[in-house]
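In the working numbering, the protein residues as written are 43 to 484. Structure first, commentary second.
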Amino acid sequence: MSEQPKKSQEYAVTGTTGKTCSSRSFRALLGAQFLGAFNDNLFKTIASILVINEIVGNDSSALYASLAGALFFLPYILFSAFAGWCSDRFSKSDMIRWTKEMELVVMCIGLLAFMVDSTELLLSCVFLMGAQSALFSPSKLGILPEILDLSELSKANGYLEFIVFTAIIIGTASAGFVSDGSFGNPGLFCIGIACIGIILSLFIKRVPARSVDNKRNPLPIDPILPNIRILRKIAHTNSLWMCTLGIAFFWSVGALFQLNILFFSKEILHFDDRGTALILASIGLGIGIGSILAGTISKGAAELGLLPVGAGGMVLFSALLGLYGQYQTIAFPGIFFLGLSSGFFIIPLTAYLQAFSPIEERGRYMAASNFLSNVGMLSSTFLFLVFRDYFDMSAKDIFSTIGIAALAVTIGLTRILPGTTARAITWIKEQLVKKKSVIKGD
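Encoded structure:
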(Lines of atoms letter the chains of each structure in order from A; the text may use other names.)
(Lines give C-alpha, C1' and ligand atoms only; values in the text may rest on other atoms or scores of the structure.)
Protein backbone atom coordinates (compact mmCIF):
# COMPACT_ATOMS: atom_id res chain seq x y z
CA MET A 43 0.00 0.00 0.00
CA SER A 44 1.26 3.48 -0.78
CA GLU A 45 1.32 6.06 1.95
CA GLN A 46 -0.60 9.06 0.80
CA PRO A 47 -1.35 11.58 2.20
CA LYS A 48 2.19 12.47 3.13
CA LYS A 49 3.45 11.60 6.59
CA SER A 50 3.74 15.27 7.58
CA GLN A 51 -0.01 15.55 7.12
CA GLU A 52 -0.98 12.15 8.39
CA TYR A 53 -2.14 12.98 11.90
CA ALA A 54 -3.29 16.58 11.65
CA VAL A 55 -5.51 18.67 9.43
CA THR A 56 -5.01 22.41 9.46
CA GLY A 57 -5.87 25.41 7.35
CA THR A 58 -8.00 28.50 7.86
CA THR A 59 -10.06 30.64 5.50
CA GLY A 60 -12.52 32.03 8.02
CA LYS A 61 -15.28 29.48 7.33
CA THR A 62 -16.29 28.33 10.81
CA CYS A 63 -19.04 26.23 12.39
CA SER A 64 -20.92 29.44 13.19
CA SER A 65 -21.48 30.14 9.48
CA ARG A 66 -25.04 30.32 8.16
CA SER A 67 -24.42 27.45 5.73
CA PHE A 68 -23.31 25.04 8.42
CA ARG A 69 -26.12 25.98 10.79
CA ALA A 70 -28.62 25.45 7.96
CA LEU A 71 -27.05 22.06 7.22
CA LEU A 72 -27.34 21.10 10.89
CA GLY A 73 -31.00 22.06 10.89
CA ALA A 74 -31.73 20.16 7.68
CA GLN A 75 -29.88 17.12 9.03
CA PHE A 76 -31.79 17.18 12.32
CA LEU A 77 -35.18 17.43 10.63
CA GLY A 78 -34.28 14.74 8.09
CA ALA A 79 -33.09 12.25 10.73
CA PHE A 80 -36.10 13.11 12.90
CA ASN A 81 -38.51 12.50 10.01
CA ASP A 82 -36.75 9.27 9.02
CA ASN A 83 -37.01 7.72 12.46
CA LEU A 84 -40.46 9.14 13.18
CA PHE A 85 -41.94 7.74 9.96
CA LYS A 86 -40.09 4.41 10.18
CA THR A 87 -41.21 3.87 13.78
CA ILE A 88 -44.82 4.90 13.07
CA ALA A 89 -44.89 2.50 10.12
CA SER A 90 -43.54 -0.30 12.31
CA ILE A 91 -46.11 0.42 15.05
CA LEU A 92 -49.03 0.50 12.62
CA VAL A 93 -47.88 -2.62 10.77
CA ILE A 94 -47.48 -4.56 14.03
CA ASN A 95 -50.88 -3.35 15.28
CA GLU A 96 -52.46 -4.36 11.99
CA ILE A 97 -51.20 -7.93 12.16
CA VAL A 98 -50.83 -8.39 15.91
CA GLY A 99 -51.12 -12.06 16.82
CA ASN A 100 -50.18 -13.07 13.30
CA ASP A 101 -47.10 -15.28 12.93
CA SER A 102 -45.78 -12.77 10.37
CA SER A 103 -45.69 -9.82 12.79
CA ALA A 104 -41.99 -10.21 13.62
CA LEU A 105 -41.21 -10.65 9.93
CA TYR A 106 -42.99 -7.43 8.96
CA ALA A 107 -41.38 -5.50 11.81
CA SER A 108 -37.94 -6.68 10.71
CA LEU A 109 -38.82 -5.93 7.10
CA ALA A 110 -39.50 -2.28 7.95
CA GLY A 111 -35.97 -1.90 9.28
CA ALA A 112 -34.37 -3.82 6.41
CA LEU A 113 -36.24 -1.79 3.79
CA PHE A 114 -34.76 1.42 5.21
CA PHE A 115 -31.13 0.19 5.13
CA LEU A 116 -31.25 -1.70 1.83
CA PRO A 117 -31.18 1.48 -0.34
CA TYR A 118 -27.83 2.45 1.19
CA ILE A 119 -26.36 -0.64 -0.44
CA LEU A 120 -28.30 -0.41 -3.70
CA PHE A 121 -27.90 3.33 -4.34
CA SER A 122 -24.64 4.33 -2.63
CA ALA A 123 -22.62 4.21 -5.87
CA PHE A 124 -25.21 6.33 -7.68
CA ALA A 125 -25.39 8.72 -4.71
CA GLY A 126 -21.62 9.17 -4.71
CA TRP A 127 -21.59 9.80 -8.47
CA CYS A 128 -24.35 12.42 -8.13
CA SER A 129 -22.50 14.10 -5.26
CA ASP A 130 -19.42 14.59 -7.46
CA ARG A 131 -21.24 15.18 -10.76
CA PHE A 132 -23.57 17.89 -9.41
CA SER A 133 -23.26 20.62 -6.83
CA LYS A 134 -23.45 19.09 -3.36
CA SER A 135 -25.61 21.98 -2.16
CA ASP A 136 -28.02 21.34 -5.04
CA MET A 137 -28.07 17.63 -4.17
CA ILE A 138 -28.97 18.46 -0.57
CA ARG A 139 -31.85 20.67 -1.72
CA TRP A 140 -33.08 18.10 -4.27
CA THR A 141 -33.06 15.28 -1.71
CA LYS A 142 -35.00 17.43 0.76
CA GLU A 143 -37.57 18.02 -1.98
CA MET A 144 -37.61 14.26 -2.59
CA GLU A 145 -38.37 13.81 1.12
CA LEU A 146 -41.46 15.99 0.70
CA VAL A 147 -42.67 13.87 -2.23
CA VAL A 148 -42.19 10.67 -0.22
CA MET A 149 -44.08 12.14 2.73
CA CYS A 150 -46.97 13.02 0.42
CA ILE A 151 -47.08 9.36 -0.64
CA GLY A 152 -46.95 8.51 3.06
CA LEU A 153 -49.98 10.73 3.68
CA LEU A 154 -51.86 8.72 1.06
CA ALA A 155 -50.71 5.46 2.69
CA PHE A 156 -52.10 6.60 6.06
CA MET A 157 -55.37 7.72 4.46
CA VAL A 158 -56.02 4.42 2.65
CA ASP A 159 -54.53 2.35 5.50
CA SER A 160 -52.23 0.40 3.18
CA THR A 161 -49.47 -1.66 4.82
CA GLU A 162 -47.77 -2.27 1.47
CA LEU A 163 -47.71 1.44 0.61
CA LEU A 164 -46.35 2.29 4.07
CA LEU A 165 -43.49 -0.17 3.66
CA SER A 166 -42.83 1.21 0.17
CA CYS A 167 -42.49 4.67 1.72
CA VAL A 168 -39.99 3.34 4.24
CA PHE A 169 -37.88 2.07 1.32
CA LEU A 170 -38.17 5.43 -0.47
CA MET A 171 -37.16 7.26 2.72
CA GLY A 172 -34.08 5.06 2.88
CA ALA A 173 -33.32 5.88 -0.77
CA GLN A 174 -33.68 9.60 -0.04
CA SER A 175 -31.33 9.34 2.94
CA ALA A 176 -28.82 7.32 0.90
CA LEU A 177 -28.73 10.07 -1.75
CA PHE A 178 -28.45 12.79 0.91
CA SER A 179 -25.59 11.30 2.92
CA PRO A 180 -22.54 11.62 0.57
CA SER A 181 -23.39 15.25 -0.22
CA LYS A 182 -23.95 16.07 3.46
CA LEU A 183 -20.56 14.65 4.45
CA GLY A 184 -18.71 15.73 1.32
CA ILE A 185 -19.81 19.36 1.47
CA LEU A 186 -18.23 20.01 4.88
CA PRO A 187 -14.66 20.57 3.56
CA GLU A 188 -16.14 22.90 0.92
CA ILE A 189 -18.10 25.19 3.28
CA LEU A 190 -15.75 25.01 6.29
CA ASP A 191 -12.06 25.33 7.09
CA LEU A 192 -10.29 22.00 7.31
CA SER A 193 -9.47 22.96 10.90
CA GLU A 194 -13.21 22.95 11.67
CA LEU A 195 -13.94 19.43 10.37
CA SER A 196 -13.61 17.53 13.65
CA LYS A 197 -15.80 20.03 15.48
CA ALA A 198 -18.34 20.04 12.63
CA ASN A 199 -18.56 16.25 12.60
CA GLY A 200 -19.01 16.31 16.36
CA TYR A 201 -22.00 18.62 16.01
CA LEU A 202 -23.42 16.51 13.16
CA GLU A 203 -23.19 13.26 15.14
CA PHE A 204 -24.77 14.92 18.17
CA ILE A 205 -27.60 16.24 16.01
CA VAL A 206 -28.16 12.85 14.36
CA PHE A 207 -28.38 10.87 17.59
CA THR A 208 -30.55 13.52 19.25
CA ALA A 209 -32.92 13.41 16.26
CA ILE A 210 -33.01 9.60 16.36
CA ILE A 211 -33.97 9.61 20.05
CA ILE A 212 -36.60 12.36 19.72
CA GLY A 213 -38.00 10.99 16.45
CA THR A 214 -38.34 7.46 17.80
CA ALA A 215 -39.88 8.65 21.07
CA SER A 216 -42.31 10.99 19.27
CA ALA A 217 -43.71 8.19 17.13
CA GLY A 218 -45.92 6.91 19.94
CA PHE A 219 -47.59 10.31 20.31
CA VAL A 220 -47.92 11.09 16.59
CA SER A 221 -49.14 7.63 15.57
CA ASP A 222 -52.25 7.82 17.79
CA GLY A 223 -53.61 10.79 15.84
CA SER A 224 -52.92 13.43 18.51
CA PHE A 225 -51.45 15.67 15.80
CA GLY A 226 -53.91 14.66 13.09
CA ASN A 227 -52.86 12.47 10.19
CA PRO A 228 -49.20 11.46 10.80
CA GLY A 229 -48.48 12.10 7.13
CA LEU A 230 -49.42 15.78 7.48
CA PHE A 231 -47.06 16.16 10.44
CA CYS A 232 -44.18 14.59 8.46
CA ILE A 233 -44.97 16.82 5.46
CA GLY A 234 -44.66 19.89 7.68
CA ILE A 235 -41.24 18.75 8.91
CA ALA A 236 -40.10 18.12 5.32
CA CYS A 237 -41.19 21.62 4.24
CA ILE A 238 -39.12 23.24 7.00
CA GLY A 239 -36.14 21.13 5.90
CA ILE A 240 -36.47 22.40 2.33
CA ILE A 241 -36.48 26.01 3.55
CA LEU A 242 -33.33 25.44 5.61
CA SER A 243 -31.54 23.82 2.65
CA LEU A 244 -31.94 27.07 0.70
CA PHE A 245 -29.57 28.80 3.15
CA ILE A 246 -26.66 26.44 2.40
CA LYS A 247 -24.02 28.15 0.28
CA ARG A 248 -23.92 26.84 -3.28
CA VAL A 249 -20.70 25.01 -4.14
CA PRO A 250 -19.55 23.99 -7.64
CA ALA A 251 -19.71 20.47 -9.04
CA ARG A 252 -16.35 18.74 -8.67
CA SER A 253 -16.38 16.10 -11.42
CA VAL A 254 -18.29 16.98 -14.59
CA ASP A 255 -16.35 14.72 -16.99
CA ASN A 256 -18.81 11.95 -17.85
CA LYS A 257 -16.16 10.05 -19.82
CA ARG A 258 -13.83 9.75 -16.83
CA ASN A 259 -16.67 9.21 -14.37
CA PRO A 260 -19.57 7.47 -16.17
CA LEU A 261 -22.92 6.95 -14.52
CA PRO A 262 -22.71 3.71 -12.48
CA ILE A 263 -25.34 1.12 -13.37
CA ASP A 264 -24.12 -1.74 -11.18
CA PRO A 265 -24.88 -0.92 -7.51
CA ILE A 266 -22.01 -3.02 -6.15
CA LEU A 267 -18.91 -2.95 -8.40
CA PRO A 268 -18.36 0.85 -8.41
CA ASN A 269 -18.20 0.81 -4.62
CA ILE A 270 -15.76 -2.09 -4.67
CA ARG A 271 -13.56 -0.20 -7.16
CA ILE A 272 -13.52 2.88 -4.92
CA LEU A 273 -12.81 0.75 -1.84
CA ARG A 274 -9.86 -0.81 -3.68
CA LYS A 275 -8.62 2.67 -4.51
CA ILE A 276 -8.99 3.72 -0.87
CA ALA A 277 -7.07 0.59 0.17
CA HIS A 278 -3.98 1.91 -1.66
CA THR A 279 -3.74 4.61 1.02
CA ASN A 280 -3.13 2.89 4.32
CA SER A 281 -4.45 5.61 6.62
CA LEU A 282 -7.63 6.22 4.58
CA TRP A 283 -8.31 2.48 4.42
CA MET A 284 -7.96 2.11 8.19
CA CYS A 285 -10.34 5.05 8.67
CA THR A 286 -12.89 3.48 6.31
CA LEU A 287 -12.69 0.13 8.11
CA GLY A 288 -12.93 1.88 11.48
CA ILE A 289 -16.08 3.75 10.43
CA ALA A 290 -17.64 0.49 9.20
CA PHE A 291 -16.74 -1.19 12.50
CA PHE A 292 -18.40 1.64 14.46
CA TRP A 293 -21.71 1.37 12.61
CA SER A 294 -21.66 -2.44 12.59
CA VAL A 295 -21.16 -2.53 16.35
CA GLY A 296 -23.84 0.15 16.68
CA ALA A 297 -26.37 -2.04 14.85
CA LEU A 298 -25.45 -5.03 17.02
CA PHE A 299 -25.74 -2.90 20.14
CA GLN A 300 -29.15 -1.54 19.13
CA LEU A 301 -30.52 -5.06 18.81
CA ASN A 302 -28.81 -6.31 21.95
CA ILE A 303 -29.90 -3.44 24.19
CA LEU A 304 -33.57 -4.42 23.85
CA PHE A 305 -32.85 -7.90 25.21
CA PHE A 306 -30.39 -6.54 27.78
CA SER A 307 -33.06 -4.19 29.13
CA LYS A 308 -35.73 -6.90 29.37
CA GLU A 309 -33.69 -9.98 30.32
CA ILE A 310 -30.95 -8.54 32.51
CA LEU A 311 -32.37 -5.33 33.97
CA HIS A 312 -36.06 -6.41 33.80
CA PHE A 313 -37.11 -2.95 32.56
CA ASP A 314 -40.42 -1.99 30.99
CA ASP A 315 -40.63 0.08 27.80
CA ARG A 316 -39.89 3.31 29.67
CA GLY A 317 -36.74 1.85 31.17
CA THR A 318 -35.66 0.65 27.75
CA ALA A 319 -36.22 4.16 26.38
CA LEU A 320 -33.97 5.56 29.13
CA ILE A 321 -31.24 3.06 28.23
CA LEU A 322 -31.45 4.06 24.56
CA ALA A 323 -31.38 7.72 25.55
CA SER A 324 -28.24 7.08 27.63
CA ILE A 325 -26.28 5.62 24.71
CA GLY A 326 -27.52 8.31 22.31
CA LEU A 327 -26.66 11.10 24.74
CA GLY A 328 -23.25 9.55 25.37
CA ILE A 329 -22.39 9.35 21.67
CA GLY A 330 -23.63 12.90 21.12
CA ILE A 331 -21.63 14.41 23.98
CA GLY A 332 -18.58 12.30 23.10
CA SER A 333 -18.77 13.52 19.50
CA ILE A 334 -18.90 17.17 20.54
CA LEU A 335 -16.06 16.70 23.03
CA ALA A 336 -13.92 14.93 20.42
CA GLY A 337 -14.52 17.70 17.91
CA THR A 338 -13.75 20.42 20.46
CA ILE A 339 -10.65 18.71 21.86
CA SER A 340 -9.20 18.20 18.38
CA LYS A 341 -8.68 21.97 17.99
CA GLY A 342 -8.11 22.18 14.27
CA ALA A 343 -6.94 18.61 13.74
CA ALA A 344 -8.33 15.33 12.54
CA GLU A 345 -6.90 14.02 15.79
CA LEU A 346 -6.28 10.32 15.21
CA GLY A 347 -4.62 10.27 18.62
CA LEU A 348 -8.13 10.09 20.08
CA LEU A 349 -8.68 6.70 18.43
CA PRO A 350 -6.88 4.57 21.06
CA VAL A 351 -8.63 6.57 23.78
CA GLY A 352 -12.07 5.94 22.25
CA ALA A 353 -11.37 2.31 21.36
CA GLY A 354 -9.94 1.67 24.83
CA GLY A 355 -13.10 3.09 26.38
CA MET A 356 -15.25 0.85 24.17
CA VAL A 357 -13.26 -2.18 25.33
CA LEU A 358 -13.46 -1.21 29.01
CA PHE A 359 -17.15 -0.35 29.21
CA SER A 360 -18.31 -3.24 26.99
CA ALA A 361 -16.44 -5.62 29.27
CA LEU A 362 -17.90 -3.89 32.33
CA LEU A 363 -21.44 -4.36 31.00
CA GLY A 364 -20.67 -7.98 30.16
CA LEU A 365 -19.44 -8.71 33.68
CA TYR A 366 -21.58 -6.49 35.91
CA GLY A 367 -24.38 -5.22 33.66
CA GLN A 368 -27.08 -6.67 35.90
CA TYR A 369 -26.53 -3.82 38.36
CA GLN A 370 -28.37 -0.61 37.40
CA THR A 371 -25.71 1.51 39.13
CA ILE A 372 -23.22 0.10 36.62
CA ALA A 373 -25.51 -0.36 33.60
CA PHE A 374 -26.56 3.28 33.15
CA PRO A 375 -23.13 4.94 33.54
CA GLY A 376 -21.51 2.04 31.67
CA ILE A 377 -23.79 2.50 28.67
CA PHE A 378 -23.38 6.29 28.77
CA PHE A 379 -19.57 6.09 28.82
CA LEU A 380 -19.62 3.40 26.13
CA GLY A 381 -21.42 5.95 23.97
CA LEU A 382 -19.00 8.69 25.01
CA SER A 383 -16.03 6.53 24.01
CA SER A 384 -17.70 5.74 20.69
CA GLY A 385 -17.89 9.46 19.95
CA PHE A 386 -14.13 9.75 20.52
CA PHE A 387 -13.69 6.85 18.11
CA ILE A 388 -15.86 7.92 15.17
CA ILE A 389 -15.22 11.68 14.90
CA PRO A 390 -11.48 11.67 14.03
CA LEU A 391 -12.05 8.86 11.52
CA THR A 392 -14.81 10.72 9.68
CA ALA A 393 -12.92 14.04 9.72
CA TYR A 394 -9.76 12.42 8.37
CA LEU A 395 -11.57 10.66 5.52
CA GLN A 396 -13.29 13.93 4.55
CA ALA A 397 -10.09 15.97 4.68
CA PHE A 398 -7.79 13.64 2.73
CA SER A 399 -10.11 12.07 0.16
CA PRO A 400 -9.51 13.51 -3.36
CA ILE A 401 -11.78 16.52 -3.83
CA GLU A 402 -13.00 15.36 -7.28
CA GLU A 403 -13.96 11.95 -5.83
CA ARG A 404 -14.95 12.91 -2.30
CA GLY A 405 -18.62 12.09 -2.81
CA ARG A 406 -17.79 8.60 -4.08
CA TYR A 407 -15.36 8.03 -1.21
CA MET A 408 -18.10 8.96 1.27
CA ALA A 409 -20.61 6.76 -0.58
CA ALA A 410 -18.23 3.78 -0.64
CA SER A 411 -17.68 4.23 3.10
CA ASN A 412 -21.48 4.28 3.58
CA PHE A 413 -21.77 1.14 1.45
CA LEU A 414 -19.24 -0.77 3.56
CA SER A 415 -20.82 0.47 6.80
CA ASN A 416 -24.30 -0.63 5.74
CA VAL A 417 -23.06 -4.03 4.61
CA GLY A 418 -21.59 -4.33 8.09
CA MET A 419 -24.84 -3.23 9.72
CA LEU A 420 -26.89 -5.77 7.78
CA SER A 421 -24.32 -8.44 8.60
CA SER A 422 -24.62 -7.52 12.28
CA THR A 423 -28.34 -8.31 12.23
CA PHE A 424 -27.60 -11.84 10.99
CA LEU A 425 -24.69 -12.14 13.42
CA PHE A 426 -27.03 -11.26 16.27
CA LEU A 427 -29.38 -14.08 15.25
CA VAL A 428 -26.43 -16.49 15.17
CA PHE A 429 -25.31 -15.37 18.64
CA ARG A 430 -28.80 -15.75 20.09
CA ASP A 431 -30.22 -18.80 18.30
CA TYR A 432 -27.17 -20.95 17.57
CA PHE A 433 -24.79 -20.07 20.40
CA ASP A 434 -27.53 -19.28 22.93
CA MET A 435 -25.62 -16.18 24.10
CA SER A 436 -27.15 -13.83 26.66
CA ALA A 437 -27.22 -10.05 26.21
CA LYS A 438 -24.30 -9.80 28.65
CA ASP A 439 -22.30 -12.34 26.61
CA ILE A 440 -22.82 -10.26 23.48
CA PHE A 441 -21.52 -7.15 25.25
CA SER A 442 -18.41 -9.10 26.23
CA THR A 443 -18.02 -10.16 22.59
CA ILE A 444 -18.27 -6.52 21.48
CA GLY A 445 -15.51 -5.70 23.97
CA ILE A 446 -13.26 -8.43 22.55
CA ALA A 447 -13.90 -7.18 19.00
CA ALA A 448 -13.09 -3.61 20.07
CA LEU A 449 -9.86 -4.84 21.66
CA ALA A 450 -8.84 -6.55 18.41
CA VAL A 451 -9.58 -3.35 16.46
CA THR A 452 -7.57 -1.28 18.96
CA ILE A 453 -4.55 -3.57 18.61
CA GLY A 454 -4.89 -3.51 14.82
CA LEU A 455 -5.08 0.28 14.66
CA THR A 456 -2.08 0.82 16.93
CA ARG A 457 0.01 -1.66 14.92
CA ILE A 458 -0.93 -0.43 11.45
CA LEU A 459 -1.04 3.27 12.41
CA PRO A 460 1.64 3.47 15.12
CA GLY A 461 1.51 7.26 15.10
CA THR A 462 -1.91 7.10 16.75
CA THR A 463 -0.42 5.62 19.92
CA ALA A 464 2.21 8.35 20.15
CA ARG A 465 -0.44 11.00 19.57
CA ALA A 466 -2.67 9.44 22.24
CA ILE A 467 0.15 9.47 24.81
CA THR A 468 1.01 13.07 23.93
CA TRP A 469 -2.64 14.13 24.20
CA ILE A 470 -3.09 12.46 27.61
CA LYS A 471 0.10 14.13 28.90
CA GLU A 472 -1.14 17.51 27.66
CA GLN A 473 -4.44 17.07 29.51
CA LEU A 474 -2.64 16.11 32.73
CA VAL A 475 -0.33 19.13 32.47
CA LYS A 476 -3.31 21.44 31.93
CA LYS A 477 -5.10 19.93 34.94
CA LYS A 478 -2.05 20.44 37.16
CA SER A 479 -1.74 24.04 35.96
CA VAL A 480 -5.39 24.74 36.85
CA ILE A 481 -4.99 23.17 40.31
CA LYS A 482 -1.85 25.23 41.00
CA GLY A 483 -3.53 28.36 39.68
CA ASP A 484 -0.86 29.01 37.04
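Each residue gets a CB set at the ideal place from its N, CA and C atoms; glycine is no exception.
In chain order, I119, A290 place their CB closer than 8 Å to the CB of V417, counting only its own chain and leaving out the 5 sequence neighbours on each side. In the same chain as V148, and ignoring 5 residues on each side of it, the C-beta atoms closer than 7 Å to its own belong to C167, L170, M171, Q174, in chain order. CA-to-CA, the gap between Y407 and S129 works out to about 10 Å. The shortest CA-to-CA distance from A89 to any of C150, K61, E162 is the one to E162. Assigned with DSSP and collapsed to three states, T279 falls in strand.
Collapsing the DSSP output to three states places G347 in coil. For E145, the uninterrupted alpha helix (DSSP H) run begins and ends at 134-158, by DSSP.
Contact check for L348 and F379: beta-carbon distance about 15 Å, past the 8 Å limit, so the pair fails to qualify. Residue state for V206 is assigned as helix, using DSSP reduced to three classes. In this structure, the straight-line span from the alpha carbon of I272 to that of L414 is close to 11 Å. Closest in alpha carbon position to I331, among G381, I377, L301, A79, is G381.
Assigned with DSSP and collapsed to three states, F245 falls in coil, not helix or strand. Classified as exposed, A112 has fewer than 16 neighbouring CB atoms from the shown chains inside 10 Å of its CB.
Residue state for T62 is assigned as coil, using DSSP reduced to three classes. A straight line joining the alpha-carbon of D264 with that of A410 spans about 13 Å. Cβ contact annotation for F313 (same chain, cutoff 6 Å, sequence separation greater than five): S307, in chain order. Taking each of I401, G326, A397 in turn and checking the Cα distance to F374, the smallest one comes out for G326. Check the Cα spacing between C232 and each of N199, T208, K142, P262: the tightest is with K142. Distance between M284 and V451, taken at the CA atoms: about 10 Å. At a Cβ-Cβ threshold of 8 Å, G337 and G445 do not count as neighbours.
In the displayed model, P187 falls within a helix according to three-state DSSP. For P390, the uninterrupted alpha helix (DSSP H) segment begins and ends at 370-398. In this structure, T392 lies away from E194, with their beta-carbon atoms at least 8 Å apart. G73 is a Cβ neighbour of L242, given a cutoff of 8 Å. T371 sits exposed, since fewer than 16 C-beta atoms from the chains shown fall within 10 Å of its C-beta. About 14 Å separates the beta carbons of A215 and N81, which is beyond the 8 Å limit, so they are not a contact pair. The beta carbon of T463 lies closer than 7 Å to those of P350, T456 in the same chain, with the five residues before and after it left out.
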